[in-house]
Structure formats: C-alpha cells, structure tokens
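Presented below is the structure to which this report refers.
Protein chains in written order, with our numbering: chain F, 1 to 203; chain Y, 204 to 406.
The following block contains the structure:
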C-alpha cells in the first residue's frame with residue numbers, strides 16, 4: 001500500500017520544498033507548492049500576490065487584532081479558500097503538498113504520510129543565501145521574521161504547537177543529512193505505508 | 204561518514220527497542236538497553252532492581268519533593284552514575300543506546316544520530332499486549348502510568364519537552380509503518396550522516 005498524499009510542513013530554508021519536489025518526481029505524484037497559490041487565487045478571487053503573502057504567514061500584530069478587523073477577516077476567508085482547494089486535491093490523491101497547514105487540514109485522512117522538515121539556523125542560513133541570494137536585510141533578520149510569521153500563522157489557524165513530533169509520521173532534521181537521502185526515506189516510507197488513524201491527543 | 208552513536212528515545216510500546224536492536228545488528232554496533240542496567244549498577248553500587256525501576260521513570264510525587272528528601276537524592280545520584288556510563292560508552296562509539304536520556308546527555312557530541320520513536324495509543328496497546336502479555340492491571344492504566352513516569356523523569360532531568368522534534372535528527376511514528384522499515388531508514392541515515400552541531404535553541 002502506498003500513501004496517496006504526502007504533506008510536507010517545513011521551516012524556511014530547511015530544504016523541505018526541494019525534498020517534496022524529489023518525492024513527487026520519484027512517486028510520479030503531482031507537486032503543489034507555488035502552483036497552489038494560483039489555484040487558491042482562482043478559487044477565492046484574491047490576487048495571487050495576496051495569497052502568496054498571507055496564505056502561510058501572519059504578523060504577530062495581526063493575530064492580536066479583534067475579529068472585527070477587515071484584514072483579519074480577509075485572512076480568515078483566504079484560509080477557508082485554501083482549505084477547500086487542499087481538500088479537493090486530497091480527494092484526487094497522488095500528490096505532494098508543501099506547507100499551507102495541509103498536515104492539519106488532512107489530519108483525519110487515513111492515507112496521508114505527514115512529514116515535518118527542519119534544520120538548525122546555521123544550515124538554514126546557508127541554504128537561504130544559496131537559493132535566494134543576498135538582500136538588503138541581514139540573513140538573521142530574514143530568518144527570524146519568516147520563522148515568526150510562518151509559526152504565528154500555523155499556530156493561529158491550527159491551534160497546534162509548531163514542531164511537535166506527534167503530529168507527523170516523519171520528522172527530519174536536514175542539518176546533517178543530504179536532502180536526496182531525506183527524499184528517499186520519505187519515498188520508501190510512503191511505499192510501505194499502512195493507512196490508519198493518526199495521533200488523537202492534541203494536547 | 205557513518206554516525207558513531209545512535210540514540211533511541213522511545214515511547215513505551217512504540218517498538219523503539221526492537222528498532223534499536225535491528226539497527227545495531229545491521230550496523231554491527233553494540234546494543235545497550237537492559238544490559239545498560241548492569242553497567243550502571245556496577246558503576247553506582249545501586250542494586251540492579253533499583254536502577255531498572257528508577258533509571259528511567261519517576262513518580263510525579265517524587266518530582267515535587269524537596270531536595271532534602273533521601274529518595275530524591277538517590278535518584279540524583281543514580282542519574283549521575285548513568286551519565287558517567289553513557290558518556291564512557293559514547294567515547295568508544297559504535298553503539299546504539301536506548302532510553303535513559305542519552306539523547307540529552309550526548310547533545311553536544313557531533314557524531315550522534317538522535318532518534319525519537321513513538322506511536323499512537325492503539326498501536327502501542329496492541330504491541331504491549333503482544334510483547335509483555337496481560338497483567339492484572341488494565342492496558343490503559345499500564346500505558347498511562349508508564350507514559351507519565353517516563354515523561355516526568357525525562358523532563359525533570361533534561362528540562363526538555365517530551366517529543367519536541369527539534370531535539371532529534373529523526374522522529375518516526377511507528378503506528379503506520381513496519382518496524383523493519385523504520386530500522387532501515389535509521390541505518391541509511393546513519394550511513395550518510397555528516398557530523399555537525401545540533402539545534403542550539405532549547406526553548
């Protein structure tokens with residue numbers, strides 16, 4: 001039995017997207033990452049830029065706003081649209097989904113291999129500079145801001161602690177392992193996956 | 204490069220010990236689990252039964268006792284003896300260490316592949332009954348008590364949250380994966396391991 005869906009929840013700069021892409025290629029599955037933005041934009045009517053900016057990240061300030069706030073409501077609507085798109089894709093199966101709380105949204109689906117990919121700061125800074133290059137902002141600030149916004153978004157919409165192993169089938173620290181090997185481990189796990197209920201205690 | 208030491212931190216009934224044994228056999232490493240009890244007993248002068256009972260588990264009540272308590276001091280002494288034995292084994296390398304906070308004790312060693320093995324309650328109850336058989340106590344109570352005591356011990360001596368992925372290279376949920384595949388993933392990761400610093404933020 002092979003897992004029909006792979007979700008990749010990842011830290012910025014951990015290589016999770018690269019791993020997801022390799023997993024999809026090896027399993028012959030569809031890969032959803034940036035292209036999910038287009039689907040969500042079409043589904044929701046939001047601009048692609050808005051989806052890209054707010055679909056996974058949230059300012060701490062935003063989380064503190066009351067629900068009467070206009071932009072807060074927009075984010076809630078965006079999350080609902082994202083949810084619809086992800087559940088729709090999950091119905092079809094044979095896909096790898098990166099980010100966007102897919103692990104949480106599909107937590108009750110029995111046939112999902114759920115992965116969390118992370119790395120230490122040194123490894124992530126190195127990869128961010130290699131992949132996205134230098135900008136005016138310091139690498140420390142880029143990492144800190146992205147981590148803070150992504151974590152705030154995840155925790156706000158899922159109510160889950162970021163990086164708690166119990167929510168995943170596999171958690172992999174890529175700091176000391178080649179990305180190809182991480183992808184291979186996920187593919188092998190997916191191939192012998194026995195569908196069943198997930199961890200039920202959300203404490 | 205192959206990781207010289209594998210630590211397996213595991214939930215009761217998750218199959219972590221079985222996985223550790225298979226990993227040790229496949230890598231040709233020494234396997235330390237129950238036999239660690241004997242070493243620690245010899246090192247500390249404590250009876251084997253005391254080491255077996257208190258080396259990994261702690262009553263919540265115990266954690267609340269002031270340091271003036273006699274049994275509290277004994278547990279502290281036992282932990283120190285365990286620490287010495289584990290650091291000594293780590294110096295030699297080529298070993299798999301199951302439990303006893305080895306992940307925490309060896310957190311600054313660059314050449315350690317650190318694994319956390321867990322499973323959902325249904326899977327663990329099934330495995331406990333298969334492996335250890337029925338007793339007078341209900342399976343729910345056995346699981347709950349063991350979880351509580353092991354977690355209390357771990358958190359008391361390490362100051363770490365139980366099951367936080369950032370402390371490990373690999374976390375594996377065995378509920379939906381065959382143990383042989385889990386062991387194989389660890390062996391493969393160990394073989395391509397690039398020694399380096401671990402996660403530094405203990406928050």
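Backbone N, C-alpha and C define an ideal beta-carbon position, used for all residues, glycine too. These numbers come from a predicted model, not from an experiment.
Under DSSP, the alpha helix (DSSP H) around residue 101 of chain F begins and ends at which residues? Residue 101 of chain F -> no alpha helix (DSSP H), and no H or E assigned at all.
Quick one: which chain F residues come within Cβ less than 7 Å of residue 396 of chain Y? Those are 176, 177, listed as they occur along chain F.
Counting only Cβ pairs nearer than 9 Å, list the residues of chain Y close to residue 198 of chain F. 323, 376, 378, 379
Give the secondary structure of residue 220 of chain Y by DSSP, where H, G and I count as helix, E and B as strand, and everything else as coil. helix
Using a Cβ-Cβ distance cut-off of 9 Å, determine whether residue 367 of chain Y contacts chain F. At least one CB of chain F lies nearer than 9 Å to the CB of residue 367 of chain Y.
For residue 34 of chain F, count neighbouring C-beta atoms within 10 Å of its own C-beta (all shown protein chains included) and say buried if the count is 16 or more, exposed if not. exposed
One or two residues paired with residue 114 of chain F in a DSSP bridge: F:7
Which residues does DSSP list as the beta-bridge partners of residue 156 of chain F? BP columns for residue 156 of chain F are empty, so no partner.
Hey, how far is the Cα of residue 210 of chain Y from the Cα of residue 75 of chain F? 42 Å
Can you pull the chain F residues whose beta carbon is under 8 Å from the beta carbon of residue 391 of chain Y, in chain order? 181, 184, 185
Collapsed DSSP secondary structure at residue 167 of chain F in the structure displayed: When DSSP states are grouped into helix, strand and coil, residue 167 of chain F belongs to the helix group.
What span of residues does the beta strand (DSSP E) with residue 31 of chain F cover, start to end? 30 to 32
Whole-angstrom C-beta distance between residue 112 of chain F and residue 106 of chain F, which should lie under 8 Å: Yes, residue 106 of chain F and residue 112 of chain F are in contact; Cβ-Cβ is about 5 Å, under 8 Å.
Using the C-alpha atoms, what's the distance from residue 146 of chain F back to residue 137 of chain F? 12 Å
Any C-beta of chain F within less than 8 Å: which residues of the stretch 304 to 315 of chain Y qualify? none
Consider the Cβ of residue 168 of chain F: report whether some Cβ of chain Y lies at a distance smaller than 9 Å. Judged by the 9 Å Cβ criterion, residue 168 of chain F is in contact with chain Y.
Give me, in chain order, the residues of the same chain whose beta-carbon lies closer than 6 Å to that of residue 96 of chain F; leave out the 5 immediate sequence neighbours on both sides. 6, 20, 23, 24, 29, 31
For a cutoff of 9 Å on Cβ pairs, would you count residue 90 of chain F as touching chain Y? no
Quick one: which chain Y residues come within Cβ less than 7 Å of residue 116 of chain F? Those are 368, listed as they occur along chain Y.
is_contact[residue 226 of chain Y, chain A] using C-beta, thresh 9 Å: The structure shown has no chain A; the protein chains it does contain are F and Y.
Nearest chain Y C-beta to residue 123 of chain F closer than 9 Å, yes or no? yes
How far does the alpha helix (DSSP H) with residue 388 of chain Y in it extend, from its first residue to its last? 382 to 394
Can you tell me where the alpha helix (DSSP H) with residue 161 of chain F in it begins and where it stops? Looking at the DSSP string, residue 161 of chain F is not in any alpha helix (DSSP H), and its letter there is neither H nor E.
Between which residues of its own chain and residue 158 of chain F is the CB-CB distance below 6 Å, once the five residues before and five after are set aside? 101, 104
Given residue 284 of chain Y, which residues of its chain have a CB within under 6 Å of its CB, disregarding the five upstream and five downstream residues? 243, 246, 247
Is there a Cβ from chain Y that is less than 9 Å from the Cβ of residue 66 of chain F? For residue 66 of chain F, the predicted structure reports a pLDDT of 46, less than 50, and the residue's modelled location is therefore unreliable. The matter cannot be settled from this model.
Which value, in whole angstroms, describes the spacing of the CA atoms of residue 420 of chain Y and residue 18 of chain F? Here chain Y comprises residues numbered 204 to 406, so residue 420 of chain Y is not present and cannot be evaluated.
CA-to-CA distance, residue 119 of chain F to residue 369 of chain Y, given in whole angstroms: Approximately 8 Å between the Cα atoms of the pair.
Thinking C-beta only, is residue 14 of chain F closer than 9 Å to residue 401 of chain Y? Not a contact, by the Cβ cut-off of 9 Å.
Could you tell me the boundaries of the alpha helix (DSSP H) in which residue 326 of chain Y lies? 324 to 335
Using only the alpha-carbon positions, how far apart do residue 58 of chain F and residue 79 of chain F sit? 11 Å
Between the Cα of residue 208 of chain F and the Cα atoms of F:164, F:117, F:190, F:169, which residue gives the shortest distance? Residue 208 of chain F lies beyond the range of chain F shown here (1 to 203); nothing can be said about it.
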